[in-house]
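In our numbering, the protein residues as written are 36 to 307.
Here it is as structure tokens:
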């Protein structure tokens, strides 16, 4: 087993750091055998290098995300389908979910009404529903393909969320909580991004014009359809985000840094 993992890892080192390459090597072997790492280490099955494994390695060496190759990913204990129509859920977004759960603990005696704007794979909405089955959660996205993926993810994780195709520019409602991880990467930042993101993940879910980096946040906040607002943000604009939210009438504004020390989450409250 060690020789197999070392073989795959050595090929992937041409494009990936060692830790990432080794992690992908294990993922390939687990996926192709249907066995867990502990089972493989116990020698439950003889596993040898195959042509199928080489095909996956070749795709990875062209920077295709492994999550798209296998069509799913594990995130926060959820097994989520992902396709090129959806972003791949990231650790920072898991931190956003944790922040919401921590801040809203015991906030209301009745089930909260939650809106997830730009839901994509549905990861945020489904994670919140898993934690609080009593909450009434709606997820919207402008992409019909993404909504189909989100609906499938809800089913495969045993929850029901009201997913629907909708544009925040035309959406109204009355919610206790509005959460979103909208596009926030400026076009000028493309040059510093890795090919596996830039060439494969949906650009419409990633990028905003340099001249208006807060365009989606301004629209979400300006709808005034939620008492509590939780947003994943570009670490370059926390001050601008805070100023915009104050202009929109929000109070109790807090900024939280992610595990990498970057300003990543902003939350606020609408009084009245």
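Beta carbons: idealized from backbone N, C-alpha and C, even for Gly.
Residue 255 and residue 203 closer than 7 Å at C-beta | In contact: residue 255 and residue 203 (Cβ atoms closer than 7 Å).
N-terminal and C-terminal residue of the alpha helix (DSSP H) that residue 277 is part of = Note, residue 277: alpha helix (DSSP H), 273–282.
When 223, 218 and 232 are compared against residue 242, the one with the closest alpha-carbon | That would be 218, whose Cα lies nearest to the Cα of residue 242.
Pull up the distance between the alpha-carbon of residue 231 and that of residue 306, whole angstroms please.
-> Rounded to the nearest angstrom, the two C-alpha atoms are 42 Å apart.
First and last residue of the alpha helix (DSSP H) that includes residue 41?
-> Here the alpha helix (DSSP H) through residue 41 covers 37–47.
For residue 11, which option in 273, 228 and 289 has the closest C-alpha, if you only look at C-alpha atoms?
-> Lying outside 36 to 307, the shown extent of the chain, residue 11 is not represented and no answer is given.
Three or more beta-carbon pairs under 8 Å between the segment 291–299 and the segment 258–271, yes or no?
-> The segment 258–271 and the segment 291–299 touch, with three or more beta-carbon pairs separated by less than 8 Å.
Every unbroken beta strand (DSSP E) within the segment 83–116, with a cutoff of 3 residues, ordered by chain | Here the runs fully enclosed are 107–110 and 113–116.
Counterpart residues of residue 151 in DSSP-defined beta bridges | DSSP output for residue 151 lists 174 and 214 as bridge partner(s).
Which word fits residue 188, buried or exposed, when buried means at least 16 other C-beta atoms lie within 10 angstroms of its C-beta?
-> Counting of Cβ neighbours within 10 angstroms places residue 188 among the buried residues, the total reaching 16 or more.
Proximity below 7 Å, CB of residue 117 to CB of residue 108 = The criterion of a C-beta distance shorter than 7 Å is satisfied by residue 117 and residue 108.
Contact check, residue 104 vs residue 132, beta carbons under 7 Å | Contact: no.
Residue burial classification, residue 244 (beta-carbon count within 10 angstroms, cutoff 16) | When all chains shown are included, residue 244 counts as exposed.
Check whether the segment 207–221 touches the segment 137–154, counting contact only when three or more Cβ pairs, one atom from each stretch, lie closer than 8 Å.
-> Yes, the segment 207–221 touches the segment 137–154.
What number of angstroms, rounded off, separates the C-alpha of residue 170 from the C-alpha of residue 38?
-> Cα to Cα, the separation comes out at about 48 Å.
Spatial neighbours of residue 120 in its chain, beta-carbon cut-off 7 Å, leaving aside the 5 residues before and after | Same-chain partners within the cutoff: 178, 180, 181, 184 and 237.
As assigned by DSSP and simplified to three states, the class of residue 305 = Three-state result, residue 305: strand.
Backbone CA spacing between residue 152 and residue 84 [nearest angstrom] = Approximately 43 Å between the Cα atoms of the pair.
Counting only the same chain and skipping the five closest in sequence on each side, list residues whose C-beta sits under 6 Å from that of residue 304.
-> Once the five neighbours on either side are set aside, the close Cβ partners of residue 304 are 263, 286 and 287.
Is the CB-CB distance between residue 36 and residue 75 below 7 Å?
-> With respect to the 7 Å criterion, residue 36 and residue 75 are classified as neighbours on the basis of their beta carbons.
Report the three-state DSSP secondary structure of residue 297 (helix, strand or coil).
-> Coil, per DSSP.
Span of the alpha helix (DSSP H) holding residue 157?
-> Segment: none, residue 157 is in no alpha helix (DSSP H) and carries neither H nor E.
So what does DSSP say about residue 251, is it helix, strand or coil?
-> Helix at residue 251.
Less than 8 Å between the CB atoms is what I'm expecting for residue 154 and residue 123, so what's the real figure, rounded?
-> Actually they do not touch by this definition, with Cβ atoms about 14 Å apart.
Roughly how many angstroms separate the alpha carbons of residue 142 and residue 279, rounded to a whole number?
-> Their backbone Cα atoms lie some 25 Å apart in a straight line.
Can you name, in chain order, every residue of its own chain whose Cβ lies under 8 Å from the Cβ of residue 111, other than the five neighbours on each side?
-> If you ignore the 5 residues before and after residue 111, its C-beta comes within less than 8 Å of the C-beta of 124, 129, 132, 158 and 162, all in its own chain and listed in chain order.
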